[in-house]
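Right, one structure below, let's go through it.
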Amino acid sequence: MATIDITNLRKEFGDDGEQIVAVDDVDLTIEDGEFLVFVGPSGCGKTTTLRCIGGLEDVTEGTIEFDGTDVTDERARERNVAMVFQNYALYPHMTVERNIGFPLKLSTKQSSEEISARVTEVAELLGIEPLLNKKPKELSGGQQQRVALGRAIIRDPEVFLMDEPLSNLDAKLRSTMRTELQELQKELSVTTAYVTHDQTEAMAMGDRIAVLNHGQLQQVGTAEEVYRSPTNEFVAGFIGSPSINLFTAAVDGNTLTGPDGFTYTLEDTAPLEGRDRVRVGVRPEDLTPVSDGSMPCDVTVVEQMGNENFLYAEMGDIDLTARIESRLNPAEDIGITFGFEEEDLYLFDPQTSSALKTKTSETNVDYQQYVQTGNV
Amino acid sequence: MTLGAIISKIQSSHSYKRASDQLRYKRQTIAEWLPTLPGLPYLYISPFFILFGIFLLFPTVYTLYLSFFTYLGVADGNLFEIQLGAVEIAIPRIANLEFAGLSNYERLLLRDSLFHRSMYNTAFIFFVQVPLMVILGMATALVLDAKFIRAKGLFRTLIALPVATGLVAYSTIFLLLFNDDIGLINYMLESVGATAIPWLTDGFWARITLVIAVTWRWLGYNMIIILAGLQTVPQQLYEAAEIDGASRWQKFRYVTLPQLRPVLLFVVVTSTIGTFQIFAEPYVITGGGPGNATITVVQYIYEQAFLQFNLGYASAASVILVTMVSILSILQIKYGGGED
């Protein structure tokens, strides 16, 4: 197990002519045994960062250290990392048993019996023992996924690297495997770097989440931190589903005004000082229909999710989304007014887009009051 | 303006669009207007079967038929006639034949030492040629597939170019190059102090000369096939192997080779068939000599059929050749193809 220190990591693609900067000056420490998820839109550099950690890409600038040892110029095979690829990359001509045992065969001097015993052990852990004599093409996606995991864990690597390992699975299997992966990682407590474009997956799985955009690290933090206290507008927009509502408003003393009928008076005006415009952000789950709210809208579409309703509305030219109770089911094309609490309001600088104010609502409500001593 | 720009300009013009629409409407109208006759699809696919029947199936079957006969000469008269009122349909006899049973085969397999000699020569070329071709084809393809090689297209074209040369033309060049006394190869060998090699006057070396000639001509063809195969190997398998701790050789051994297996099998089978059909090279370069040391099966068949007009006998030899090549290919596919 290892602590991974990434310092000023930069990766450029393309020679002489056009340079594409895939990873731009990323600084990050992944703690020993931590499950860190890289998340971001396509082309944000998350996979490239992972491949740099694994040694599959040369680094343009910067260093990568495992437990204080500089591995920047070491080849992948010398780093003792294991990787699970998006399409699993199983060896098609080998049986499951040989696929899983392959890393041991190549990188250790263990005898065939020892390898075989270890393969069985891993297969039992993953519940794929009956498949050992099959070839990858005879397996379902989920089974292939487990074999790929088996191949990764068999060597007790210092670092797990996972490149969108669940994205080829169907939704149901994906959520099952999500839980299994987390349990497995906790059990083995191997430092893990995990890449996904799915923010829900990132929130659910990561001890911490690293949000990337345009090759630059935007924020690293727990799910709660990136959700409640995003450092900038991008993180606020990327984390949370449905996405946060964002629009520009004019500052008039302690009041935010317009566009299109929006007015809101703040009690705490500190974030507004010296500004004539701000970017306003309100999460869909913080909007509630009220009789005299600050946001007059026209409802366009209502999506019924069963446990709640997604309400899409227009405030002038601005599209808004609200998550409301399922028993509130407004007809389409009616006018409705939304309100929200100041503690749930986000404000961003319109030029730099960095956060001026984030959620201040209460967290860590004492759950001890609900604990029944008999159950513990 | 480039040609592409001109074409796209024309295609975006109003009159072009109108003309192409008109054409499309016409086509659609014709399609609607055409009656759907029963069995029409069979009419559409019939040209293949007609051509196949005349030029492939009939000669094949007739060769097999001929192999049980002795050819006596061109025939006159009809094989059979049908009188349908005023119309008479007659199939003329092709040849005057005398039934010989299995005697052609018996003589070929048991008594014809020249046929045995030609079989030995062909087998020799096969055993040297096919492994050499696979190894060289693989090696050149791997080199051209390497990331650091520049001007890949140029090298690929240069290596593949011999395939386009005329059989007789290139054979003649080899005849001159490998001439024992005045050939460039021996001149070069002697100029670096080596002894000259009797390329064409020694039986063993004459066969080697043929192997070199065939390899030179077909290497590019096989290289391109292997190269295409190499480029279909998923990059992620190499990356997975790298992560798993594989060295360069192990990646080749455990990823490249198994992934290339079907391609290599194709190369082996086509090369096998190719070497058993070798004709022009011995015909031009060695003339089958010295002393029948390079006469090949096809060359022997040619001599029997078209110089001595032993058509039945030559047919029997052809049948034996086809049988042998088929058995070899089936064995290669059975033991080389894996379970896929």
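Chains as they are written, first to last, in the numbering used here: chain A, 90 to 465; chain B, 839 to 1178.
Where is the CB? At the ideal position from N, CA and C, for every residue including glycine.
Item                                                                                                                                                                          : Value
Within 8 Å, do at least three Cβ pairs link the region 1114 to 1134 of chain B to the region 906 to 917 of chain B?                                                           : no
Who are the neighbours of A:P192 on chain B, taking C-beta pairs under 7 Å?                                                                                                   : D1082, G1083
Do we get a CB-CB distance below 7 Å when we pair B:P1096 with the residues of chain A?                                                                                       : yes
Using the C-alpha atoms, what's the distance from A:F174 back to B:F986?                                                                                                      : 26 Å
Mind checking if A:H182 is an interface residue toward chain B, Cβ cutoff 7 Å exclusive?                                                                                      : yes
If the cut is a Cβ gap below 9 Å, which residues of chain A does B:L1075 touch?                                                                                               : A178, L179, Y180, P181
Just mark B:Y1025 as buried or exposed, buried being the case when its beta carbon has 16 or more other beta carbons within 10 Å.                                             : exposed
Looking only at its chain, what residues have a beta carbon closer than 7 Å to the beta carbon of A:V465, apart from the 5 residues adjacent to it on each side?              : The predicted model places A:V465 with a pLDDT of 48, which falls under 50 and marks its position as unreliable; any figure quoted below should be read in that light. There are no such residues.
Run through chain A and tell me which residues come within less than 8 Å of B:Q866, C-beta to C-beta.                                                                         : Result: empty, since nearest Cβ-Cβ is about 40 Å, beyond 8 Å.
Should the region 901 to 912 of chain B be regarded as contacting the region 869 to 886 of chain B, the criterion being three or more beta carbon pairs within less than 8 Å? : no
Under the DSSP definition of a beta bridge, which residues are partnered with A:R366?                                                                                         : A:A339
Quick check on B:S1109: buried or exposed, where buried means 16 or more other Cβ atoms within 10 Å of its Cβ?                                                                : buried
Assuming A:F411 and A:P373 form a contact by the criterion Cβ under 8 Å, report the distance between their Cβ atoms to the nearest whole angstrom.                            : Checking the displayed sequence, the identity of residue 411 of chain A turns out to be Ala instead of Phe. That pair is a contact at about 5 Å.
Thinking A:D252 and A:T136 are a contact (beta carbons under 8 Å), I'd like their distance in whole angstroms, please.                                                        : 6 Å
Report, in whole angstroms, the separation of the C-beta atoms of A:S443 and A:T320, which I expect to be a contact under 8 Å.                                                : 6 Å
Roughly how many whole angstroms lie between the Cα atoms of B:L1057 and B:Q1170?                                                                                             : 20 Å
Taking Cβ positions only, does B:A1032 come closer than 7 Å to chain A?                                                                                                       : no
Locate the beta strand (DSSP E) running through A:L376, then write down its first and last residues.                                                                          : Premise fails: A:L376 is in no beta strand (DSSP E) and is neither H nor E.
I'd like to check one pair, B:T1132 with B:A1044: are the Cβ atoms closer than 7 Å?                                                                                           : yes
Determine the closest residue to B:F953 out of B:G1174, B:I1165, B:A1155, B:V1163, with distance taken between C-alpha atoms.                                                 : B:A1155
Looking only at its chain, what residues have a beta carbon closer than 7 Å to the beta carbon of A:T96, apart from the 5 residues adjacent to it on each side?               : D116, G151, T152
Compute the Euclidean distance between the alpha carbons of B:G979 and A:Y283, then round it to the nearest angstrom.                                                         : According to the sequence displayed, residue 979 of chain B carries Ala and not Gly. Their backbone Cα atoms lie some 37 Å apart in a straight line.
As a quick exercise: from A:E213, A:G157, A:D162, pick the residue whose alpha carbon is nearest that of A:T149.                                                              : A:D162
Comparing C-alpha positions only, which one of B:A1152, B:L872, B:D983 sits nearest to B:Q1073?                                                                               : B:D983
Pull the bridge partners of B:T908 from the DSSP assignment, please.                                                                                                          : B:E936
Have a look at A:Y180, A:D408, A:P419 and flag the residue whose alpha-carbon is nearest the alpha-carbon of A:I333.                                                          : A:D408
By Cβ distance below 8 Å, which residues in the same chain neighbour B:Q1069 in space, the five residues on each side in sequence not counted?                                : D983
Count the CB pairs spanning the region 1071 to 1089 of chain B and the region 990 to 1010 of chain B that are closer than 8 Å, and state whether there are at least three.    : no
What three-state label does DSSP hand A:K100 in the structure shown?                                                                                                          : strand
Considering just the uninterrupted stretch of the beta strand (DSSP E) at B:I1165, what are its terminal residues?                                                            : Here B:I1165 belongs to no beta strand (DSSP E); instead the alpha helix (DSSP H) covers 1149 to 1174.
Let me know if B:W871 comes out buried or exposed under the rule of 16 or more other beta-carbons within 10 Å of its beta-carbon.                                             : exposed
So, with DSSP's three-state summary, where would you put B:E870?                                                                                                              : helix
Can you tell me which of the three DSSP states B:N1060 falls into?                                                                                                            : helix
Got a sec, what are the start and stop residues for the alpha helix (DSSP H) B:G842 sits in?                                                                                  : 841 to 850
7 Å is my cut-off, CB to CB: does B:A1181 come that close to chain A?                                                                                                         : The question about residue 1181 of chain B has no answer, for chain B in this structure spans 839 to 1178.
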